[in-house]
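The structure appears right after this line, and notes come after that.
Protein chains: 2
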Amino acid sequence: MSDLRRDPIVGRWVIVNSGHPLRPQDYEREEHIWRLGECPFCYGNEALTPPEIEAIRDPKTQPNTPGWQVRVVPNKFPALRIEGELQRQGVGIYDMSTGIGAHEVVIESPYHHKDISDLLNEEIERVIEMWCRRIIDLTKDKRFKYIMLFKNYGPSAGASLEHPHTQIIALPMIPKNVHEELIGAQEYFEYRERCIFCDILRQEAQDKERIIIEDKYFMAFCPFISRFPFEIWILPKKHNGHFCHLLREEIPSLANTLKEVISRVKNVLPSPAYNFIIHTSPINGETQESYHWHIEFMPKLTRVAGFEWGSGFYLVPTPPELAAQYLKGIEK
Amino acid sequence: MSDLRRDPIVGRWVIVNSGHPLRPQDYEREEHIWRLGECPFCYGNEALTPPEIEAIRDPKTQPNTPGWQVRVVPNKFPALRIEGELQRQGVGIYDMSTGIGAHEVVIESPYHHKDISDLLNEEIERVIEMWCRRIIDLTKDKRFKYIMLFKNYGPSAGASLEHPHTQIIALPMIPKNVHEELIGAQEYFEYRERCIFCDILRQEAQDKERIIIEDKYFMAFCPFISRFPFEIWILPKKHNGHFCHLLREEIPSLANTLKEVISRVKNVLPSPAYNFIIHTSPINGETQESYHWHIEFMPKLTRVAGFEWGSGFYLVPTPPELAAQYLKGIEK
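If you're matching them up, the sequences are chains A and B in order.
The working numbering puts the first residue of the first sequence at 3, with every later residue one more than the last.
The working numbering puts the first residue of the second sequence at 3, with every later residue one more than the last.
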């Protein structure tokens, strides 16, 4: 037996296997095989990265030397470059643009083997503060319309370096997936005069069964319309469109929520690779009051194949209700 | 240097690395590791699959015994089941539906180690005829709105069995990705009174540099707006919305084009896994004259990571112009 569920934001359907769901141990164990060589993100190897953009460091230390806690550098192999002018042109029936943008790497700590789940809460708070600082700084460049912050952890999730890091890409246009979410949230808001994400929070609070943890400021849950097994969303309870408008008092709670979520995923799943993405409002344009920033966290357990590519449907082998039971430690 | 290109159908942007493009040998070689055990798709093992739905076989042989050339069976672990009624319901702010559908497997030949590129042209023609027959048969079930035909080849492309096969899934709703393509084609058609796919054919014919092969009926090319390196589209030259309205005289040409495309990909790339998907019109509803069926073929060379999931942007490490040079044997 399976049931079909429809995402009320973008209209995507997912197929949830509720008859013979997979347990955490049924997923293939991922071998993390890394390239050998010196890690450019470790203490003493600062010269192996492009010069640092910004760092939180001991005030007695110099840029591009050890003594930092969080360090931001340009991506050595950027998807987009910051130099040049944004030029659009038609090429027959197609549209083209120069590849202008920024691509930065936030090295989350000096520790090669410590992921967010292994850091102290105050260390994670510093990472979050740095994410905000970089977004605010990049927003000053009026060529940029969207800033995407994401993490790839583990080779099968697309990470090429083992040392934990997040990436920030500033884009000269609003990406299609973000645009769809904005439109979906806007249409819902126009019809109901309510934010769809606030409604999702209310619905999850009422259903209870998919909530993993919550406190005064954040709720982490396996969404009813998960695309991936063990997918987790972290939503701020206070309606707020921009991640970088995070209130000071929300930061410790977000740090703790992130740490808890990643710890629990690592407890339950066999050495999971994962991605997470901060979904936030576009910049340097009109602000839309119907949007609500959040984090989407996705362990990499399944392979996206022909059916998903062709249809945009997703097959979810573990229902989110069951995934939440495992992540809460109720189901073992 | 990279350039941004925009898909005129669905509005997706791709980032093409034109400065330091990857060559075929720069992609990681994929190890194809298969589960051991008897192959349920080989001669003599017919009892290991659910009873056959249809087969092209020697008239002196019985169903579910050897002697077939192409054999269709229900998927043993179907994503959706054919029994039951389609029931939709609201669950708070969400929509749900029973998981009604069909999920069939077309075993392309009795040969465990022969992919489409290794078959004789007339053997491939039989596979294509069977695809059409199954689609026509499934269309009779009025609960279905869309039939998706796709192939996963190689474990990293999502195949769980080595013996080459295609899959057919009949769905009770039009999938989101298909819907977007239909809307995009419709809007283009309303504005210009021309089919966008016919315009893409004209543009590619004019630019020439991305065409791999063409004959009287089909053109295979690396599209200007490829999402994946070495992506190939196969388009019928004659405007036609439904794959199963394929003309009899087009079948040998399609068989030959598919064989050529897969052979060339396997010559150029190191043991590639791949997916292909037949994009065709919805069934059992209004037909839209602006749509044009085609095949999208995607070797599995890169990993989709946080940036792609979050943005819907795609990073293309080999420009399609260069990929076409390799596939034509001009660049080695």
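Beta carbons: idealized from backbone N, C-alpha and C, even for Gly.
Task: Partner residues on chain A for B:Lys-147, Cβ-Cβ distance less than 7 Å - done: For the purposes of this step, residue 147 of chain B is taken as the residue at position 145 of the second sequence. The contacting residues do not exist; B:Lys-147 stays about 12 Å from chain A at best.
Task: Beta-carbon neighbours of A:Asn-154, restricted to chain B and to distances below 9 Å - done: Indexing the first sequence from 1 puts residue 154 of chain A at position 152. Here the neighbours are Arg-305, Ala-307, Gly-308, Phe-309.
TODO: Verify whether the separation of the beta carbon atoms of A:Glu-1 and A:Glu-211 is less than 8 Å.
DONE: Residue 1 of chain A is absent from the structure shown; chain A starts at 3 and stops at 334.
- [ ] Decide if B:Asp-60 is buried, meaning its Cβ has at least 16 other Cβ atoms within 10 Å, or exposed.
- [x] Reading the second sequence from its first residue, position 58 is the one you call residue 60 of chain B. Its Cβ having fewer than 16 others within 10 Å, B:Asp-60 is exposed.
Open item on the list: Given a cut-off of 8 Å on the beta-carbon distance, is the pair B:Leu-173 and B:Lys-147 in contact?
Closed with: Start at 1 with the first residue of the second sequence, and residue 173 of chain B comes out as number 171. Start at 1 with the first residue of the second sequence, and residue 147 of chain B comes out as number 145. Closer than 8 Å, so yes.
Task: Which listed residue (A:Lys-142, A:Gln-27, A:Met-300, A:Gly-287) has its alpha carbon closest to that of A:Tyr-276 - done: Numbered from 1 along the first sequence, position 274 holds the residue referred to as residue 276 of chain A. It is A:Met-300.
Open item on the list: Just to make sure I have the definition right: I need the residues of chain B whose C-beta is within less than 9 Å of the C-beta of A:Lys-330. Which are they?
Closed with: The residue given as residue 330 of chain A occupies position 328 in the first sequence. The premise fails here: A:Lys-330 is roughly 21 Å from chain B at the closest Cβ pair, so nothing lies under 9 Å.
- [ ] Assign A:Glu-189 to buried or exposed, taking buried as 16 or more other Cβ atoms, counted over all protein chains shown, within 10 Å of its Cβ.
- [x] Numbered from 1 along the first sequence, position 187 holds the residue referred to as residue 189 of chain A. By the neighbour-count rule (16 or more Cβ atoms within 10 Å), A:Glu-189 is not buried but exposed.
TODO: Flag this pair as touching only if the stretch 308 to 324 of chain A and the stretch 262 to 273 of chain A have three or more C-beta atom pairs under 8 Å; answer yes or no.
DONE: no
Task: Same chain, Cβ closer than 7 Å to A:Arg-145, neighbours up to 5 away in sequence not counted - done: Taking the first sequence and counting its residues from 1, one reaches residue 145 of chain A at position 143. So the qualifying residues of the chain are Leu-88, Ile-102, Pro-174.
TODO: Flag this pair as yes or no: are the beta carbons of A:Glu-106 and A:Asn-77 separated by less than 8 Å?
DONE: As a first step, residue 106 of chain A is located in the first sequence; it is residue number 104 there, counting from the start. As a first step, residue 77 of chain A is located in the first sequence; it is residue number 75 there, counting from the start. For A:Glu-106 and A:Asn-77, yes; Cβs fall inside 8 Å.
Open item on the list: Quick check on DSSP: helix, strand or coil for A:Trp-15?
Closed with: Within the first sequence, numbered from 1, the residue matching residue 15 of chain A stands at position 13. Looking at A:Trp-15 - three-state DSSP - the assignment turns out to be strand.
TODO: Quick one: using the 10 Å Cβ neighbour count with 16 as the cut-off for buried, is B:Glu-251 buried or exposed?
DONE: The residue labelled residue 251 of chain B in the question sits at position 249 within the second sequence. The residue in question, B:Glu-251, is exposed, as its Cβ has fewer than 16 Cβ neighbours within 10 Å.
- [ ] Along the alpha helix (DSSP H) that carries A:Asp-201, what are the first and last residues, could you check?
- [x] To locate residue 201 of chain A, count along the first sequence from 1; it is residue 199. Taken as a continuous stretch (DSSP letters only), the alpha helix (DSSP H) holding A:Asp-201 covers 198 to 209.
Task: 6 Å CB neighbourhood of A:Pro-321 in its chain, flanking five on each side removed - done: Against the first sequence, residue 321 of chain A aligns to sequence position 319. So the list reads Val-18, Ser-20, Pro-23, once near-sequence residues are dropped.
- [ ] Output, in chain order, the set of chain B residues within a Cβ distance shorter than 8 Å of A:Pro-177.
- [x] Counted from its first residue, the first sequence places residue 177 of chain A at position 175. Those are Trp-15, Gly-312, Ser-313, Gly-314, Phe-315, listed as they occur along chain B.
Task: Alpha carbon of A:Tyr-193 to alpha carbon of A:Ala-187, nearest angstrom - done: On the first sequence, position 191 is the one that residue 193 of chain A refers to. On the first sequence, position 185 is the one that residue 187 of chain A refers to. For A:Tyr-193 and A:Ala-187, the distance between alpha carbons rounds to 10 Å.
Task: Amino acids of chain C, ordered along the chain, whose beta-carbon sits closer than 8 Å to that of B:Tyr-193 - done: No chain C appears in this structure, whose protein chains are A and B.
- [ ] Can you tell me which of the three DSSP states A:Met-3 falls into?
- [x] Indexing the first sequence from 1 puts residue 3 of chain A at position 1. The answer is coil: DSSP assigns A:Met-3 none of H, G, I, E or B.
Open item on the list: Going by the DSSP bridge assignment, what does B:Lys-302 pair with across the sheet?
Closed with: By one-based count along the second sequence, residue 302 of chain B stands at place 300. In the DSSP output, where bridge partners are listed per residue, B:Lys-302 has B:Ala-275.
Task: Backbone CA spacing between A:Leu-237 and A:Gln-27 [nearest angstrom] - done: By one-based count along the first sequence, residue 237 of chain A stands at place 235. By one-based count along the first sequence, residue 27 of chain A stands at place 25. Near 28 Å, if we compare the C-alpha coordinates of A:Gln-27 and A:Leu-237.
Open item on the list: Determine whether the beta carbon atoms of A:Arg-136 and A:Val-74 lie at a separation below 8 Å.
Closed with: Translated into positions along the first sequence, residue 136 of chain A becomes position 134. Translated into positions along the first sequence, residue 74 of chain A becomes position 72. Yes; because the gap between Cβ atoms is below 8 Å, this pair is in contact.
Open item on the list: Please confirm whether A:Thr-141 has its beta-carbon closer than 8 Å to some beta-carbon of chain B.
Closed with: One-based indexing of the first sequence puts residue 141 of chain A at position 139. Closer than 8 Å: no.
Open item on the list: Taking only three categories from DSSP, how would you classify A:Asn-269?
Closed with: On the first sequence, position 267 is the one that residue 269 of chain A refers to. A:Asn-269: helix per DSSP, three-state reduction.
Task: Interface positions of the stretch 54 to 81 of chain B facing chain A (Cβ-Cβ less than 7 Å), listed along the chain - done: Ala-81
TODO: Give me the Cβ distance between B:Ser-265 and B:Ser-162, rounded to the nearest whole Å; I'm assuming they're in contact under 8 Å.
DONE: Working through the second sequence from its first residue, we reach residue 265 of chain B at position 263. Working through the second sequence from its first residue, we reach residue 162 of chain B at position 160. Actually they are not in contact, since the Cβ atoms of B:Ser-265 and B:Ser-162 sit about 24 Å apart, beyond 8 Å.
Task: Cβ distance (whole Å) where A:Glu-125 is taken to contact A:Ser-111 below 8 Å - done: Looking up residue 125 of chain A in the first sequence gives position 123. Looking up residue 111 of chain A in the first sequence gives position 109. At roughly 6 Å, the Cβ-Cβ gap stays under 8 Å, so A:Glu-125 and A:Ser-111 are in contact.
Open item on the list: I want to check one thing, is the minimum distance from the CB of B:Glu-106 to the heavy atoms of the ligand SAH below 7 Å?
Closed with: Judged by which ligands are present, the structure shown has none, so any question about the ligand SAH falls away.
Task: Beta-carbon contacts of A:Leu-203 that lie in its chain and below 7 Å, excluding the five residues immediately before and after - done: For the purposes of this step, residue 203 of chain A is identified with residue 201 of the first sequence, where counting begins at 1. Only Met-221, Leu-237, Lys-239 meet the Cβ criterion.
TODO: Could you tell me whether any Cβ in chain A is nearer than 8 Å to the Cβ of B:Ala-260?
DONE: In the second sequence, counting from the first residue as 1, residue 260 of chain B sits at position 258. The sequence shown places Leu at residue 260 of chain B, not Ala. No, because no Cβ of chain A sits closer than 8 Å to the Cβ of B:Leu-260.
- [ ] Could you confirm whether any beta carbon from chain A is found closer than 8 Å to the beta carbon of B:Leu-6?
- [x] The sequence position of residue 6 of chain B within the second sequence is 4, counting from 1. Yes, B:Leu-6 lies at the interface with chain A (some Cβ there is under 8 Å from its Cβ).
TODO: Determine the chain A residues that contact B:Ser-158 at a beta-carbon separation under 8 Å, and present them in chain order.
DONE: Taking the first residue of the second sequence as position 1, residue 158 of chain B is located at position 156. Correct list: Arg-305.
Open item on the list: Any beta carbon from chain A within less than 8 Å of B:Asn-277's own beta carbon?
Closed with: The count along the second sequence starts at 1 and reaches residue 277 of chain B at position 275. Yes, B:Asn-277 counts as interfacial toward chain A.
TODO: Identify the continuous beta strand (DSSP E) that holds B:Leu-317 and give its terminal residues.
DONE: Mapped onto the second sequence, residue 317 of chain B falls at position 315. That run of the beta strand (DSSP E) goes 316 to 318.
Task: Residues in the stretch 87 to 112 of chain B having any Cβ partner in chain A nearer than 7 Å - done: Gly-94, Ile-95, Tyr-96, Asp-97, Met-98, Ser-99, Thr-100, Gly-101
Task: Three-way DSSP call (helix, strand, coil) for B:Phe-220 in this model - done: Here the question's residue 220 of chain B lines up with position 218 in the second sequence. Here B:Phe-220 sits in strand by DSSP.
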